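Okay, structure first, notes after.
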Amino acid sequence: MKKTVNPLDKRFKIAHREALIGVVLVIINFIWWYGFAYGLGSTKVEKYTYIFGLPAWFFYSCIAGFIVMVILVILTVKFLFKEVPFDEEEGDLK
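For the record, in the sequence shown the residue sitting at position 42 is 66 according to our numbering, with numbers rising by one throughout.
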């Protein structure tokens, strides 16, 4: 018979924390995108400023936003996420 998963396993606490971090990153990405896309993009087309031939709202929301999010995800994975063993036995997690 298979062992049932212990809900008090420390891996679940780590997984829930990392999932919450992922949701926060998605919310940050959406706020960044929405703020620049609709903040700068809500003016008349004649008044747009351009960066590298792209409208500023598009550059900041899609290009710069992508770069910022890649850096945030790299830093998050490097400093906030933990290595978790997938074995059924609970490892030495601190």
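Quick reminder that beta carbons are idealized off the backbone N, C-alpha and C, glycines included. Treat the numbers as computed from the prediction; the structure is a model and nothing was measured.
Checklist entry - Got a sec? Which residues, its chain only, sit under 6 Å from alanine 80 by beta carbon, not counting five neighbours each side? => result Within the same chain, alanine 80 has close Cβ partners Leu64, Thr73.
Helix, strand or coil at leucine 32 according to DSSP, with G and I counted as helix: Coil.
- request: Pull up the distance between the alpha-carbon of valine 94 and that of leucine 32, whole angstroms please.
  value: One C-alpha to the other measures close to 33 Å.
Confirm, please, whether the CB-CB distance from isoleucine 38 to lysine 102 is below 7 Å. Going by C-beta atoms, lysine 102 is not nearer than 7 Å to isoleucine 38.
Report task. Write down the C-beta distance between phenylalanine 76 and phenylalanine 82 rounded to the nearest angstrom, noting that I regard them as a contact closer than 8 Å. Result -> With a Cβ gap of about 10 Å, phenylalanine 76 and phenylalanine 82 do not count as contacting.
Residue range of the alpha helix (DSSP H) that includes lysine 106
It is not in any alpha helix (DSSP H) - lysine 106 carries neither H nor E in the DSSP assignment.
Once you ignore the five residues that flank phenylalanine 60 on each side, which residues in its own chain have a CB closer than 6 Å to its CB? Once the five neighbours on either side are set aside, the close Cβ partners of phenylalanine 60 are Trp81, Tyr84, Ser85.
In angstroms, rounded to a whole number, what distance separates the CA positions of phenylalanine 36 and lysine 71? So the alpha carbons of these two residues sit roughly 51 Å apart.
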